[in-house]
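A quick write-up on the structure given underneath.
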Amino acid sequence: MSDTPQSSTDARIAEIVNSNDVVLFMKGTPLFPQCGFSSRAIAILDHLGAAYETVDVLQDMEIRQGIKVFSDWPTIPQLYVKGEFVGGSDIMMEMYEAGELQALLSGTAPAQN
Amino acid sequence: MAMPAAEIEALIRAALPDAEVTITDLAGDGDHYAARVVSASFAGKTRVAQHKMVYEALGGRMGGVLHALQLTTAVPT
Chain A
111 MSDTPQSSTD ARIAEIVNSN DVVLFMKGTP LFPQCGFSSR AIAILDHLGA AYETVDVLQD
171 MEIRQGIKVF SDWPTIPQLY VKGEFVGGSD IMMEMYEAGE LQALLSGTAP AQN
Chain B
301 MAMPAAEIEA LIRAALPDAE VTITDLAGDG DHYAARVVSA SFAGKTRVAQ HKMVYEALGG
361 RMGGVLHALQ LTTAVPT
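In the order they appear, the protein sequences are chains A and B. Count along the first sequence from 1, add 110, and you get the number used in the numbering used here. Count along the second sequence from 1, add 300, and you get the number used in the numbering used here.
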């Protein structure tokens, strides 16, 4: 646990989610996810061809704890689209299967490759 | 770090008495579960709200003692 007040962590997280259309808070990196749930979230985003940013919470204890409070959500990964909390990997999968995630991401930039 | 499936089911049922709870031990190690929860109380709620209701039923264990719970929620059809 860090001694940084939640308010300053909240401000950092707000800056991240508001300056990136699609951002995934995850354990590890897209190439080397450190958790099966983060790996699944990346697989879904890649499959949909969305451009996204990631934040590796394992490199930042302040965000690792702070994002749970910020989103009122107990687990990681967490997906934000256009500043709004979407959910974790289970919700991403449910939305993907229902065609809802495709619709949500259709308003964002495609991946550059 | 493990938690028996029966305990997960009991906690969910205590909070959502009508819930139909199906738990699968994914890895056979008592630590990686999938839970499908079907309850009329999810009606009209967003997916995030539905999952939060289950997380609340688990009383803070989610993300702690329960790391690997893959959750699916639905309204009875």
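A virtual CB, placed ideally from N, CA and C, is assigned to each residue, including glycine. Fair warning: this is a prediction, and the values are worked out from it, not measured in the lab.
Residue range of the alpha helix (DSSP H) that includes residue i
i              : result
Q116 (chain A) : Q116 to S129
H157 (chain A) : G146 to H157
L214 (chain A) : E210 to L215
R174 (chain A) : M171 to S181
V338 (chain B) : Looking at the DSSP string, V338 (chain B) is not in any alpha helix (DSSP H); the run it does join, the beta strand (DSSP E), is H332 to V338.
A357 (chain B) : R347 to A357
Close Cβ partners of residue i (< 8 Å) along its chain, the five nearest in sequence each way excluded
i              : result
I186 (chain A) : F135, M136, K137, C145, F147, S148, V167, R174, I177, K178 and G198
Q212 (chain A) : L158 and Y206
R347 (chain B) : T373
T139 (chain A) : T164 and D166
Identity of the residues DSSP links to residue i by a beta bridge
i              : result
D166 (chain A) : A:M136
A160 (chain A) : A:P220
M362 (chain B) : B:L366
P143 (chain A) : A:G138
6 Å CB neighbourhood of residue i in its chain, flanking five on each side removed
i              : result
T119 (chain A) : E172 and G176
P317 (chain B) : none
V196 (chain A) : L189
F180 (chain A) : D120 and I123
S216 (chain A) : none
Q370 (chain B) : A334
Residue range of the unbroken beta strand (DSSP E) whose run includes residue i
i              : result
R313 (chain B) : Not the beta strand (DSSP E): R313 (chain B) falls in the alpha helix (DSSP H), residues A305 to A315.
V321 (chain B) : E320 to D325
V196 (chain A) : E194 to G197
V191 (chain A) : Q188 to V191
A368 (chain B) : A368 to A374
Residues near residue i by beta carbon distance below 7 Å, same chain, minus five either side
i              : result
A319 (chain B) : I312, R313, V337, V338 and S339
G209 (chain A) : none
V321 (chain B) : E309, I312, R313, A335 and V337
V354 (chain B) : I312, V337, L371 and T373
Given a limit of 9 Å on CB to CB distance, which residues of the stretch 183 to 201 of chain A reach chain B? Result list: W183, P184, T185, I186, F195, V196, G197, G198, S199, D200 and I201.
If contact is defined by three or more beta carbon pairs under 8 Å, each pair taking one atom from either stretch, is the stretch 354 to 366 of chain B in contact with the stretch 302 to 319 of chain B? Inter-segment contact for the stretch 302 to 319 of chain B and the stretch 354 to 366 of chain B is present: three or more beta-carbon pairs are separated by less than 8 Å.
What are the residues in the stretch 118 to 147 of chain A lying within 9 Å of chain B by C-beta distance? Listed by position along the chain: C145, G146 and F147.
Which residues, in order along the stretch 339 to 366 of chain B, keep a beta-carbon less than 7 Å from a beta-carbon of chain A? Cβ contacts with chain A come from R347, V348, H351, Y355, M362 and G363.
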